[in-house]
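The opening residue of the sequence shown carries number 4 in the numbering used here; numbering runs sequentially from there.
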Amino acid sequence: MKLGASSLFAIARSFKSFLNYVRKTNSVKVWEIIDEAETRLTPLRISELNDLARTKGLEFTLHAPFLDVNFASLSPYMRKASLKHLENSLFKAYLLGCRVLVVHGGFYPHVSVKDRAYELSRDSIRKLALKAVDYGVKIAVENGPAGYSFLYVEADEVLKQFFLLSELENVGLCLDVGHANTSSELKHFLQKAGDLILHVHIHDNDGKRDLHLYPGEGTVDWHLVFEGLKQTSFDGYIIVETASSPLLGVKTVEKWLKARG
4 MKLGASSLFA
14 IARSFKSFLN
24 YVRKTNSVKV
34 WEIIDEAETR
44 LTPLRISELN
54 DLARTKGLEF
64 TLHAPFLDVN
74 FASLSPYMRK
84 ASLKHLENSL
94 FKAYLLGCRV
104 LVVHGGFYPH
114 VSVKDRAYEL
124 SRDSIRKLAL
134 KAVDYGVKIA
144 VENGPAGYSF
154 LYVEADEVLK
164 QFFLLSELEN
174 VGLCLDVGHA
184 NTSSELKHFL
194 QKAGDLILHV
204 HIHDNDGKRD
214 LHLYPGEGTV
224 DWHLVFEGLK
234 QTSFDGYIIV
244 ETASSPLLGV
254 KTVEKWLKAR
264 G
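Here it is in structure tokens:
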């Protein structure tokens, strides 16, 4: 397992300030870049990040755009545009040397069309995964938080959808611990979907709202998390995804991991 940090805290800041932050930070060697808003990647920004990677020995993962993006949309126009947006992000992941691209699985406008939205989500994931094979990138589908009409919220739903996608060898689950805590599904994800976990997002909350707090500041059962991961074959990236500067969160998780040997 490799521990890293997300650029989520900088999504509303300037990219220049984020780049300077990474340049000055020596304790984090893996960064997940969110290809969105102020940290949206351009050819120049990709070049700057690659220069930093060479000089500081960094690794990157990429989080695909998710604002105003829904590749499970019932509108063919919205769905096509969203998929094109993610395919563009996939190419950026390749240029950054990323092994993992995190995507949101989409959302549904009404419970009556939820099954159809899942069908369209699977179709989009298949299309994206086939392109990802050529780039050597794996697709990590993130479980959504409760209360927002996201797909992939409950462990049983995720198991069903991944069973229907089982022909794809380069697709796995991004277990978002904070999201699973909002739906009271964390234990179920670890017990039922542990072998699907490709990537992990770590943050805390009050069990209701998606607050992206530092680990230890909310109600997440962190003993359950790390013991649960230990029982799986997971050997990927653990990304601290907090709304504030992630360094405190990284140090906290490092301490927990060392204490567990």
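A virtual CB, placed ideally from N, CA and C, is assigned to each residue, including glycine.
Query	Result
Cβ-Cβ separation, F12 to S247 (assumed contact under 8 Å), whole Å	6 Å
Identity of the residue in L162, L214, L104 and I49 nearest E244 by Cα	L214
Through-space distance from P46 to V1, alpha-carbon basis	One cannot answer for residue 1 here, as it falls past the ends of the chain, which runs 4 to 264.
Where H206 sits in the DSSP three-state scheme	coil
For A143, the nearest candidate out of S187, I200, K190 and F166 (CA to CA)	I200
Residues bridged to G139 (per DSSP)	Paired residues: none, contrary to the question.
Cut-off 7 Å between Cβ atoms - residues of its own chain near I37, not counting five sequence neighbours on either side	S9, S10, L11, I14 and H66
DSSP state of G108 mapped onto helix, strand, coil	coil
Member of P148, S78, F74 and L61 whose CA lies at the smallest distance from the CA of K27	L61
Nearest candidate by alpha-carbon position, reference A196, set E160, G139 and S17	E160
Segment limits, beta strand (DSSP E) that includes H66	E62 to H66
T58, buried or exposed, once every other Cβ within 10 Å from all chains shown has been counted against 16	exposed
Burial state of P148, where buried means 16 or more other Cβ atoms lie within 10 Å	buried
Segment contact, 8 Å Cβ cut-off, at least three pairs: the region 119 to 132 with the region 74 to 87	yes
Cβ distance (whole Å) where L154 is taken to contact G109 below 8 Å	5 Å
Euclidean distance between Cα positions of D198 and F166	12 Å
R119 classed as buried or exposed, judged by whether at least 16 other C-beta atoms fall within 10 angstroms	exposed
Assumed close pair S30, P68 - CB separation to whole angstroms, cut-off 8 Å	About 28 Å separates the two Cβ atoms, so there is no contact after all.
Residue range of the unbroken alpha helix (DSSP H) whose run includes K5	From DSSP, K5 is part of no alpha helix (DSSP H) but of the beta strand (DSSP E) over K5 to S9.
Own chain, CB closer than 8 Å to L55, minus 5 neighbours either side, in chain order	L22, V25, R26 and L61
Through-space distance from H113 to S152, alpha-carbon basis	8 Å
Residue burial classification, L86 (beta-carbon count within 10 angstroms, cutoff 16)	buried
Nearest-angstrom Cα separation, counted from P249 out to I128	30 Å
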